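**Student:** Take this structure, written in structure tokens, and hold onto it; I'll ask about it next.
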Amino acid sequence: DIQMTQSPSSMSASVGNRVTITCRASQGVSSWLAWYQQKPGKAPKLLIYAASSLQSGVPSRFSGSGSGTDFTLTISSLQPEDFATYYCQQANSFPLTFGGGTKVEIK
Amino acid sequence: QVQLQESGPGLVKPSETLSLTCAVSAYSISSDYYWGWIRQPPGKGLEWIGSIYHSGSTYYNPSLKSPVTISVDTSKNQFSLKLSSVTAADTAVYYCARHGARGGNYFFDYWGQGTLVTVSS
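Chains A and B, in that order, are what the protein sequence lines are.
So the first sequence is numbered by the working numbering: it starts at 92 and just counts up by one.
So the second sequence is numbered by the working numbering: it starts at 282 and just counts up by one.
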């Protein structure tokens with residue numbers, strides 16, 4: 092199985108800050124990585140697929156990069172509605188696996 | 282707009298079988314996508330359970346301790362999850378979702394709202 096490790100597990104930031112979350116795969120997944128945003132009591136929402144492709148309707152302040160084993164999700168200017176938990180997921184092969192999540196809290 | 286809706290008992294006794302159904306609307310389940318189940322224990326992360334194609338082809342997470350069966354009913358445009366011999370560790374919010382059918386496209390683009398299943402006597 093491919094293990095996905097996210098860092099940090101939590102962070103606090105202010106509105107307007109640039110935020111970067113990292114995700115590392117235990118083996119290469121090419122560019123087949125997705126990022127999700129989850130707010131309390133809600134289902135996860137797809138933000139980024141194929142490492143850097145923005146899902147339709149997602150604000151352009153979200154961006155993704157990376158390939159192989161190392162990936163990043165960047166929020167260029169954090170907005171109040173961005174406080175949430177973010178998950179990465181390898182979309183390369185079964186079994187599908189998620190990172191442990193990064194909770195972004197208000198500073 | 283694809284819509285998914287989970288349904289099933291919210292309380293299951295230990296050692297019994299957890300059964301959930303996901304009804305898909307505004308989209309044919311017989312299209313070229315897989316349909317999957319993901320769960321999230323309270324306060325924890327996401328765990329993929331398994332996925333099914335309309336042909337009946339399935340993939341399951343080998344790390345699950347409870348036996349899993351996922352089935353599809355194309356005539357009703359729905360798919361189902363059965364988890365046998367459940368324990369308290371199976372208490373979670375269960376989501377159904379859609380993902381692509383080719384390697385690299387196994388990301389979930391549409392999700393149900395989720396349903397909480399508690400395992401308790």
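Ideal Cβ positions, reconstructed from N, Cα and C, are used throughout, including at glycine.
Please read these numbers as outputs of a predicted model, since none were measured by experiment.
Going along chain A in order, which residues have a C-beta closer than 9 Å to the C-beta of B:Asp393?
**Tutor:** Note that residue 393 of chain B corresponds to Gly in the displayed sequence, not to Asp. Those are Ala134, listed as they occur along chain A.
**Student:** Where B:Leu364 and B:Glu328 are concerned, what is the direct C-alpha to C-alpha distance, given to the nearest angstrom?
**Tutor:** If you take the alpha carbons of B:Leu364 and B:Glu328, they lie about 14 Å apart.
**Student:** Pull up the CB-CB distance for B:Gly326 and A:Tyr178, whole angstroms please, since I reckon it's below 8 Å.
**Tutor:** 7 Å
**Student:** Shortest alpha-carbon distance to A:Met95 belongs to which of A:Val110, A:Leu124, A:Ser144 and A:Gln129?
**Tutor:** A:Leu124
**Student:** Could you give the distance in angstroms between the alpha-carbon of B:Ser347 and the alpha-carbon of B:Ser401?
**Tutor:** 15 Å
**Student:** For B:Asp371, which of B:Pro323, B:Ile333, B:Gln286 and B:Thr302 has the nearest alpha-carbon?
**Tutor:** B:Pro323
**Student:** Assuming B:Tyr387 and B:Arg320 are in contact, meaning their beta carbons sit under 8 Å apart, how far apart are those beta carbons, in whole angstroms?
**Tutor:** With 8 Å as the limit, B:Tyr387 and B:Arg320 do not qualify as a contact, their Cβ atoms being about 17 Å apart.
**Student:** Do A:Pro135 and B:Trp392 have their C-beta atoms closer together than 8 Å?
**Tutor:** Against a cut-off of 8 Å, the Cβ pair of B:Trp392 and A:Pro135 comes out as a contact.
**Student:** Which term fits A:Leu138, buried or exposed, when burial requires 16 or more other beta carbons within 10 angstroms of its beta carbon?
**Tutor:** buried
**Student:** Our contact map puts B:Ser361 next to B:Thr302 with C-beta atoms below 8 Å; I'd like the distance itself, whole angstroms only.
**Tutor:** 5 Å
**Student:** DSSP beta-bridge partners for A:Gln180?
**Tutor:** A:Ala125 and A:Phe189
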